[in-house]
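S.K.:
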Amino acid sequence: EAGVTQFPSHSVIEKGQTVTLRCDPISGHDNLYWYRRVMGKEIKFLLHFVKESKQDESGMPNNRFLAERTGGTYSTLKVQPAELEDSGVYFCASSLLPGQGTEAFFGQGTRLTVV
Amino acid sequence: KQEVTQIPAALSVPEGENLVLNCSFTDSAIYNLQWFRQDPGKGLTSLLLIQSSQREQTSGRLNASLDKSSGRSTLYIAASQPGDSATYLCAVAGGSYIPTFGRGTSLIVHP
Chain F
132 EAGVTQFPSH SVIEKGQTVT LRCDPISGHD NLYWYRRVMG KEIKFLLHFV KESKQDESGM
192 PNNRFLAERT GGTYSTLKVQ PAELEDSGVY FCASSLLPGQ GTEAFFGQGT RLTVV
Chain G
472 KQEVTQIPAA LSVPEGENLV LNCSFTDSAI YNLQWFRQDP GKGLTSLLLI QSSQREQTSG
532 RLNASLDKSS GRSTLYIAAS QPGDSATYLC AVAGGSYIPT FGRGTSLIVH P
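In order, the protein sequence lines correspond to chains F and G.
Counting from 132, one number per residue, gives the positions in the first sequence under the working numbering.
Counting from 472, one number per residue, gives the positions in the second sequence under the working numbering.
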């Protein structure tokens, strides 16, 4: 069974450009989470989807970040326009709904560098 | 707001030692606690998941314990090997089921 996959693995963009990160969760996992790790800091929560609905987006840093999960399958995280402080590793995770098992499985992450 | 602290931040030990990594959390109303491993440049690999009703979980040389009342978990690694070198992360999920991470413990096991 495929795990959580993220595309691209690395992205280097210039300040002001737009970048879209993609996450494919494990099939059947209704919970999908986005996290970010900025260098030297802990992994921080960005937002949580249950199927296609945003349950909690309290961790989104500002309105330059837009996450979508059309049809409750894969998710995208778009940063527009990118700033230098957006550099970091973006992780996606998925899990089953409570009662079905709550272990969170993480992807390999997308390393974003804004120059 | 849940806060997760991991001690020590870094650890360097000779091969063969038994290790204890510590994780503490401020809100004891948790749903589960997960220990992860991260190798440099890689994603997060789940090691052990402890549900709030459990006190410990074991997998091979790894044993994780949970004491909700005191807000603590420990990850015990027996007979450490150089291949155990990685960053170990503790994540606590509360009623929202959203894992909150500590900063991790960076472990080096030298031959």
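Each residue gets a CB set at the ideal place from its N, CA and C atoms; glycine is no exception.
L177 (chain F) and T292 (chain F) - do their beta-carbons sit closer together than 8 angstroms?
M.R.: Coverage of chain F is limited to positions 132 through 246, which leaves residue 292 (chain F) absent and any answer about it impossible.
S.K.: Quick one: complete beta strand (DSSP E) runs, 3+ long, within the segment 493-536 of chain G?
M.R.: Complete beta strand (DSSP E) runs here, min 3: 503-509, 515-522 and 527-530.
S.K.: Taking the C-alpha atoms as reference points, what is the distance between S551 (chain G) and V491 (chain G)?
M.R.: In a straight line, the C-alpha of S551 (chain G) is about 11 angstroms away from that of V491 (chain G).
S.K.: Quick one: which chain C residues come within Cβ less than 8 angstroms of I157 (chain F)?
M.R.: The chain labelled as chain C is not found among the protein chains of the depicted structure, namely F and G.
S.K.: Say whether chain F places a C-beta atom closer than 8 angstroms to the C-beta of A550 (chain G).
M.R.: With 8 angstroms as the cut-off, A550 (chain G) does not count as an interface residue toward chain F.
S.K.: Do you know how far the Cα of V143 (chain F) is from the Cα of V245 (chain F)?
M.R.: Rounded to the nearest angstrom, the two C-alpha atoms are 6 angstroms apart.
S.K.: Please compile the residues from chain F whose C-beta is within a distance smaller than 9 angstroms of the C-beta of F496 (chain G).
M.R.: Neighbours of F496 (chain G) on chain F: none; closest Cβ ~13 angstroms, over 9 angstroms.
S.K.: Check whether the segment 534-544 of chain G touches the segment 494-509 of chain G, taking contact to mean three or more Cβ pairs, one atom from each stretch, closer than 8 angstroms.
M.R.: These segments touch.
S.K.: With H, G and I counted as helix, E and B as strand and the rest as coil, what does DSSP make of E486 (chain G)?
M.R.: Of the three classes helix, strand and coil, the one that applies to E486 (chain G) here is coil, per DSSP.
S.K.: Applying a beta-carbon distance threshold of less than 7 angstroms, which residues of chain F neighbour Y502 (chain G)?
M.R.: Within 7 angstroms Cβ-Cβ: T233.
S.K.: Where does D555 (chain G) fall in DSSP's three states?
M.R.: The answer is helix: DSSP assigns D555 (chain G) an H, G or I state.
S.K.: Looking only at its chain, what residues have a beta carbon closer than 6 angstroms to the beta carbon of E199 (chain F), apart from the 5 residues adjacent to it on each side?
M.R.: So the qualifying residues of the chain are T207.
S.K.: Considering only their Cβ atoms, is the gap separating L546 (chain G) from A557 (chain G) smaller than 8 angstroms?
M.R.: The answer is no: Cβ separation not under 8 angstroms.
S.K.: Taking only beta-carbon positions, decide if E188 (chain F) is within less than 8 angstroms of chain G.
M.R.: Chain G contact via Cβ: absent.
S.K.: Are the C-beta atoms of G505 (chain G) and some chain F residue less than 8 angstroms apart?
M.R.: Here residue 505 (chain G) is Gln; the residue named in the question, Gly, does not match the sequence. True, the Cβ-Cβ gap to chain F drops below 8 angstroms.
S.K.: Distance, Cα to Cα, D155 (chain F) vs D161 (chain F)?
M.R.: Cα-Cα distance, rounded: 12 angstroms.
S.K.: In whole angstroms, what is the alpha-carbon distance linking E488 (chain G) and F236 (chain F)?
M.R.: Answer to the nearest angstrom: the Cα atoms are 29 angstroms apart.
S.K.: Please confirm if K513 (chain G) has its CB atom under 8 angstroms from at least one CB of chain F.
M.R.: Yes - at least one Cβ of chain F is within 8 angstroms of the one on K513 (chain G).
S.K.: Check whether the Cβ atoms of A562 (chain G) and T233 (chain F) lie closer than 8 angstroms to each other.
M.R.: No, these two residues do not count as a Cβ contact at 8 angstroms.
S.K.: Output the distance between the C-alpha atoms of Y166 (chain F) and K175 (chain F), rounded to the nearest integer angstrom.
M.R.: Taking the straight line joining both Cα atoms gives about 5 angstroms.
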